[in-house]
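Visitor: Our numbering puts the first residue of the sequence shown at 156, with every later residue one more than the last. Every residue, glycine too, gets a C-beta built ideally from N, C-alpha and C. Note that the structure is a prediction, hence the values are computed from the model and not measured. For reference, the structure I am asking about is given below.
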Amino acid sequence: MKRMRSVIPYLCFVLILALLLSSCTSSAKSRFWGRTVAPSDNVLKYISGSEPESLDPAIPNGQPEARILMALYDGLIEYDPITMEPIPGLAESWEVKENGTEYIFHLRKNGKFSNGDPITANDFVYTIRRGFKPELASRNASLGYYIKYSEAFNSNFAFVKGADGTFLLKKDFVEMVAGPADAAVPAEDTAFHKYLDEPERLAVPTVEKDRTKLLDSDPKLKAAVQGKELVPVKAEDIGVEAIDDYTLRIKLYQPAPYFMGLLGHQFFRVVDQKVVEKFGDKWSRPENIVTSGSFRLVEHKPYDQLVVERDPMNWDAANVKLDRIEFYPLDEATTMMNLYVSGRIDATYNHTIPAP
Numbered sequence: 156m157k158r159m160r161s162v163i164p165y166l167c168f169v170l171i172l173a174l175l176l177s178s179c180t181s182s183a184k185s186r187f188w189g190r191t192v193a194p195s196d197n198v199l200k201y202i203s204g205s206e207p208e209s210l211d212p213a214i215p216n217g218q219p220e221a222r223i224l225m226a227l228y229d230g231l232i233e234y235d236p237i238t239m240e241p242i243p244g245l246a247e248s249w250e251v252k253e254n255g256t257e258y259i260f261h262l263r264k265n266g267k268f269s270n271g272d273p274i275t276a277n278d279f280v281y282t283i284r285r286g287f288k289p290e291l292a293s294r295n296a297s298l299g300y301y302i303k304y305s306e307a308f309n310s311n312f313a314f315v316k317g318a319d320g321t322f323l324l325k326k327d328f329v330e331m332v333a334g335p336a337d338a339a340v341p342a343e344d345t346a347f348h349k350y351l352d353e354p355e356r357l358a359v360p361t362v363e364k365d366r367t368k369l370l371d372s373d374p375k376l377k378a379a380v381q382g383k384e385l386v387p388v389k390a391e392d393i394g395v396e397a398i399d400d401y402t403l404r405i406k407l408y409q410p411a412p413y414f415m416g417l418l419g420h421q422f423f424r425v426v427d428q429k430v431v432e433k434f435g436d437k438w439s440r441p442e443n444i445v446t447s448g449s450f451r452l453v454e455h456k457p458y459d460q461l462v463v464e465r466d467p468m469n470w471d472a473a474n475v476k477l478d479r480i481e482f483y484p485l486d487e488a489t490t491m492m493n494l495y496v497s498g499r500i501d502a503t504y505n506h507t508i509p510a511p
């Protein structure tokens, strides 16, 4: 009996292996139920999920919009398609300085928007500052909170200024971990950089009830703030600077090893300041939109389809393999299956199709 018990697991393994081999043989002989004929044109027909919330890269945070926005807009970096590691995008190179708290990006000089305007460091400064505007209410803003003073600006906070012109410092009220000193002096020094290199200022809520709640919880802070001037944090305080037309500096308040990877997110992808300011919240409509990516928008019929075509003015146009992508805003499983089986679409946003 003991010997029989020792054989049972082996027999079970053999049986399972036989079933798997039988299944593989059966699958190999069976006919695939979908069409596998390669498309005759260079067009990808793709089910992207639900209708995109917006074509403004700073606003949506869902998967349906992400692939569309990454086709329409370029960022400082892109993702390697195999390793997903950061690779050069509009930034052809970069350096990390000051123990991981400062990034210097060198932009390509042939980067262009879809209207032919050059893409410069000032466009990235505008894009990043804009993303943190409280009135934009971007749900992706927290991705950039490692950038110095971005969270304070996004949260409507204020610096605390004394009568002598000095500001309260965060380190005097919040325990902070200090990193090793970096003796290297940046070659690209500016007055704004010196400001960013100063100890981080304390910021408190401008909304009275929120500020009162904070101060009541910390008697030391309450005493320090009392009678002092509140200076609202401005977009211009955020740690991003155009050193020149093609050199961008981003300053963090502390090192974040994964920060480079975040820069490929649509939140950081560059938009055209002139177009955004001219058309306001209507700038991303088809008749107004100007993009910066490998593809440009040619048609958008809400809840029907969104079509983009390869932008010949894009800096990397020669390496873009597709001429056109047709996005279909669908998320109903049966409809997706029927379209895929009939060969009318090539792929779906979740890369799965229910069995027939």
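In three-state terms, what does DSSP make of TYR165?
Guide: Looking up residue 165 in the sequence shown gives position 10. Since pLDDT at TYR165 reaches only 43, below the 50 mark, its modelled position is unreliable, and the value read off the structure follows with that caveat. Residue state, collapsed to three classes: helix.
Visitor: Would the C-beta of SER439 count as close to the ligand HEM, meaning under 7 Å from any of its heavy atoms?
Guide: This structure simply doesn't include the ligand HEM, nor any ligand for that matter.
Visitor: According to DSSP, is TYR495 helix, strand or coil?
Guide: Taking the first residue of the sequence shown as 1, we reach residue 495 at position 340. Residue state, collapsed to three classes: helix.
Visitor: Less than 8 Å between C-beta atoms, sequence neighbours within five positions excluded: which residues of the same chain meet that for GLY271?
Guide: As a working note, residue 271 is residue 116 in the sequence shown. So the qualifying residues of the chain are MET468.
Visitor: In the DSSP assignment, find the unbroken beta strand (DSSP E) run with LEU262 in it and report its ends.
Guide: The sequence position of residue 262 within the sequence shown is 107, counting from 1. Per DSSP, LEU262 belongs to the beta strand (DSSP E) from 257-262.
Visitor: In three-state DSSP terms, what is THR367?
Guide: On the sequence shown, position 212 is the one that residue 367 refers to. Reduced to three states, the DSSP call for THR367 is helix.
Visitor: From the DSSP output, in three-state form, read off ASP399 for me.
Guide: Stepping through the sequence shown from its first residue, residue 399 is reached at position 244. ASP399: strand per DSSP, three-state reduction.
Visitor: Is THR503 helix, strand or coil when you go by DSSP?
Guide: Taking the first residue of the sequence shown as 1, we reach residue 503 at position 348. Strand.
Visitor: When the Cα atoms are used, what is the spatial distance from ILE232 to PHE434?
Guide: In the sequence shown, residue 232 corresponds to position 77, counting from 1. In the sequence shown, residue 434 corresponds to position 279, counting from 1. Their Cα atoms are separated by approximately 28 Å.
Visitor: Within 10 Å of its beta-carbon, does ARG499 have 16 or more other beta-carbons around it, so buried, or fewer, so exposed?
Guide: The count along the sequence shown starts at 1 and reaches residue 499 at position 344. So ARG499 ends up on the exposed side.
Visitor: Compute the Euclidean distance between the alpha carbons of GLY244 and THR446, then round it to the nearest angstrom.
Guide: Sequence index remark: in the sequence shown, residue 244 carries index 89 (1-based). Sequence index remark: in the sequence shown, residue 446 carries index 291 (1-based). Each residue's alpha carbon lies about 15 Å from the other.
Visitor: Among TYR201, ILE398 and SER209, which residue has its Cα nearest to the Cα of LYS437?
Guide: Position 282 of the sequence shown, counting from 1, holds the residue named residue 437. Closest by alpha carbon: SER209.
Visitor: Are the beta-carbon atoms belonging to GLY266 and ALA213 less than 8 Å from one another?
Guide: For the purposes of this step, residue 266 is identified with residue 111 of the sequence shown, where counting begins at 1. For the purposes of this step, residue 213 is identified with residue 58 of the sequence shown, where counting begins at 1. Result no, Cβ atoms of GLY266 and ALA213 do not sit closer than 8 Å.
Visitor: In chain order, what residues of the same chain lie with their CB nearer than 7 Å to the CB of ASN309, ignoring the 5 residues before and after it?
Guide: As a first step, residue 309 is located in the sequence shown; it is residue number 154 there, counting from the start. So the qualifying residues of the chain are PHE287, PRO289 and ALA296.
Visitor: Taking buried to mean at least 16 other C-beta atoms within 10 Å of its own C-beta, is VAL453 buried or exposed?
Guide: The residue labelled residue 453 in the question sits at position 298 within the sequence shown. When all chains shown are included, VAL453 counts as exposed.
Visitor: Who does ALA358 pair with in a DSSP beta bridge?
Guide: Looking up residue 358 in the sequence shown gives position 203. Per DSSP, PHE314.
Visitor: Enumerate in chain order the residues of its own chain whose CB-to-CB distance from PRO513 is below 7 Å, with the five nearest sequence positions on each side excluded.
Guide: Outside the modelled stretch of the chain, which goes from 156 to 511, sits residue 513, for which no answer is possible.
Visitor: How many Å lie between GLY204 and ARG479 at the Cα?
Guide: If you number the sequence shown from 1, residue 204 lands on position 49. If you number the sequence shown from 1, residue 479 lands on position 324. For GLY204 and ARG479, the distance between alpha carbons rounds to 18 Å.
Visitor: Going by C-alpha distance, which of GLY317, PRO374 and TYR301 is nearest ILE283?
Guide: Locating residue 283 in the sequence shown gives position 128, where the first residue counts as 1. The candidate whose alpha carbon is nearest that of ILE283 is TYR301.
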